[in-house]
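Enquirer: Have a look at the structure that comes next, please.
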Amino acid sequence: MSTKNIIKVSNLSKTYRKGSVGEVKAVNEVCLEVPEGQFLTILGPSGSGKTTLLNLIGGLDKPTGGKIILDGLELSKLSESELVRVRREKVGFVFQAFNLIPTFSALENVEAALAPTGMPKNERLERSTELLESVGLEHRANHLPAELSAGEQQRVAIARAFANKPRVLLLDEPTGNLDTKTGKEILKICHRASKDQGQTVVAVTHAGYVRGYTDRLLFMSDGKLFSEIPQEEFEESTY
Ligand SMILES: Nc1ncnc2c1ncn2[C@@H]1O[C@H](COP(=O)(O)OP(=O)(O)OP(=O)(O)O)[C@@H](O)[C@H]1O
Ligand SMILES: [Mg+2]
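In the numbering used here, the protein residues as written are -5 to 233.
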């Protein structure tokens, strides 16, 4: 029996028009199928279109061409309120900037993601505490984001993204500006969590060391996806 493709992207494009400067094909005729449960990493240099592609897949942005089917739903056919529901129920995001709520503690940031589920407060706190434990941060539960290191903030963002057990997790530079050791720890946490819960993960990054922590690796360059490294476009020093 074949595994279901939870993400199906066909001929997807996003073109920005910049007046006199002309067009930027941020995403250019991309086709991609991601089987359920896969941890896919897309590696590409700055400006190659990684964030744009993730935002399109997660329904945060609208394509100028092509089609996205997420868990059987064609995103372009959904109303704005249906899209909001799909994002809330099916998709977890870790943004390039962590986007934590600055006045909420680590625990409250995770708990906030569970608020729309209608789960009672004591269960929300219990689950949020478990999630913080799963990223090794139970001892920082009451710290505000400003009182956490960058790696710790990233771990809170990951715990938050996993909170409502989304079918699909979209991680934009999950290792951000972290040092290699912390970055590898973050990837291990994401990989383990996705395997434990059977979630599909698409992570985009320019950190070459992700190679060891993923089920499948693709390369993005100039808005296009490649299954092999497009040698002439990538500088070995970076990847
Ligand atoms: N709102 C916008 N208007 C015009 N051009 C844009 C806009 N957003 C992104 N772009 C352009 O689209 C291209 C892809 O941008 P994107 O943010 O997807 O790249 P990226 O691969 O995520 O880069 P980085 O690794 O630096 O985060 C870039 O050339 C960028 O300048
Ligand atoms: Mg980006």
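We treat Cβ as the ideally placed atom computed from N, Cα and C, and that holds for glycine. A quick note: this is a predicted structure, and the numbers were derived from the prediction, not measured.
Which of the three DSSP states, helix, strand or coil, is assigned to Met(-5)?
Expert: To locate residue -5, count along the sequence shown from 1; it is residue 1. Caution applies to Met(-5), whose pLDDT of 49 falls short of 50 and renders its modelled position unreliable; the value that the coordinates give is listed next. Coil, per DSSP.
Enquirer: Please list the segments of the alpha helix (DSSP H) lying wholly inside the stretch 52 to 131, counting only runs of 4 or more residues, in order along the chain.
Expert: 74 to 84, 100 to 108, 115 to 128
Enquirer: Between the C-alpha atoms of Lys115 and Ile223, what's the straight-line distance to the nearest angstrom?
Expert: The residue labelled residue 115 in the question sits at position 121 within the sequence shown. The residue labelled residue 223 in the question sits at position 229 within the sequence shown. Cα-Cα distance, rounded: 48 Å.
Enquirer: Applying the 10 Å Cβ sphere with the 16-neighbour rule, what's the burial state of Met(-5)?
Expert: The count along the sequence shown starts at 1 and reaches residue -5 at position 1. Bear in mind that a pLDDT of 49 at Met(-5), under 50, signals an unreliable position, so the number given afterwards is only what the model happens to contain. Met(-5) is exposed by the Cβ-count criterion.
Enquirer: Are the beta-carbon atoms of Val24 and Leu165 separated by less than 8 Å?
Expert: By one-based count along the sequence shown, residue 24 stands at place 30. By one-based count along the sequence shown, residue 165 stands at place 171. Taking 8 Å as the cut-off, the beta carbon of Val24 is found no closer than this to the beta carbon of Leu165.
Enquirer: Report the three-state DSSP secondary structure of Ile223 (helix, strand or coil).
Expert: Counting from one through the sequence shown, the residue named residue 223 turns up at place 229. DSSP places Ile223 in coil when its eight states are reduced to three.
Enquirer: Where does the unbroken beta strand (DSSP E) through Pro17 begin, and where does it stop?
Expert: Here the question's residue 17 lines up with position 23 in the sequence shown. Inspection of the sequence shows that residue 17 is occupied by Glu rather than by Pro. Per DSSP, Glu17 belongs to the beta strand (DSSP E) from 17 to 29.
Enquirer: Applying the criterion that 16 or more other CB atoms from any shown protein chain within 10 Å of the CB defines a buried residue, is Ser231 buried or exposed?
Expert: Stepping through the sequence shown from its first residue, residue 231 is reached at position 237. Any reading at Ser231 needs caution, since the residue's pLDDT is 40, under 50, leaving its predicted position unreliable; the model's value is listed next. Exposed: under 16 other Cβ atoms inside 10 Å.
Enquirer: Measuring CB atoms only, is the stretch 26 to 34 touching the stretch 67 to 84, in the sense that at least three cross pairs come out at less than 8 Å?
Expert: no
Enquirer: Are the CB atoms of Lys182 and Tyr207 nearer to each other than 8 Å?
Expert: Here the question's residue 182 lines up with position 188 in the sequence shown. Here the question's residue 207 lines up with position 213 in the sequence shown. Taking 8 Å as the Cβ cut-off, Lys182 and Tyr207 qualify as a contacting pair.
Enquirer: I need the DSSP call for Thr199, collapsed to helix, strand or coil.
Expert: As a working note, residue 199 is residue 205 in the sequence shown. DSSP places Thr199 in strand when its eight states are reduced to three.
Enquirer: Can you tell which of Gly130, Pro39, Leu26 has its C-alpha closest to the C-alpha of Ala187?
Expert: As a first step, residue 187 must be located in the sequence shown, where it is residue number 193. Comparing Cα-Cα distances from Ala187 to each of Gly130, Pro39, Leu26, the minimum goes to Gly130.
Enquirer: Evaluate Ser14 with the Cβ neighbour count: other Cβ atoms within 10 Å of its Cβ, from every protein chain shown; 16 or more gives buried, anything less gives exposed.
Expert: As a working mapping, residue 14 is identified with position 20 in the sequence shown. Exposed, because fewer than 16 other Cβ atoms sit within 10 Å of the Cβ of Ser14.
Enquirer: Which residue comes first and which comes last in the beta strand (DSSP E) that contains Asp166?
Expert: The residue labelled residue 166 in the question sits at position 172 within the sequence shown. Residues 162 to 166.
Enquirer: Please report the straight-line C-alpha distance between Asn49 and Glu74, rounded to a whole angstrom.
Expert: Residue 49 sits at position 55 when you count from the first residue of the sequence shown. Residue 74 sits at position 80 when you count from the first residue of the sequence shown. About 15 Å.
Enquirer: Under three-state DSSP, which class holds Leu47?
Expert: Indexing the sequence shown from 1 puts residue 47 at position 53. Correct three-state label for Leu47: helix.
Enquirer: Less than 7 Å separating the Cβ of Gly41 from some heavy atom of ligand 1?
Expert: As a first step, residue 41 is located in the sequence shown; it is residue number 47 there, counting from the start. Yes.
Enquirer: Measuring CB atoms only, is the stretch 83 to 92 touching the stretch 150 to 166, in the sense that at least three cross pairs come out at less than 8 Å?
Expert: yes
Enquirer: Between Ala109, Leu138, Lys175, which has its C-alpha nearest Gly98's C-alpha?
Expert: Taking the first residue of the sequence shown as position 1, residue 98 is located at position 104. Going by the sequence as given, residue 98 is Phe instead of Gly. Out of Ala109, Leu138, Lys175, Leu138 has the C-alpha closest to the C-alpha of Phe98.
Enquirer: Check whether the Cβ of Gly38 lies closer than 7 Å to any heavy atom of ligand 1, and answer yes or no.
Expert: Translated into the one-based positions of the sequence shown, residue 38 becomes position 44. Yes, ligand 1 has a heavy atom inside 7 Å of this Cβ.
Enquirer: Using DSSP bridges, identify the partner residues of Val3.
Expert: Here residue 3 is taken as the residue at index 9 of the sequence shown, counted from 1. Answer is Leu26, Ile62.
Enquirer: Hey, is the stretch 115 to 124 in contact with the stretch 54 to 66, meaning 3+ C-beta pairs nearer than 8 Å?
Expert: No: fewer than three Cβ pairs fall under 8 Å.
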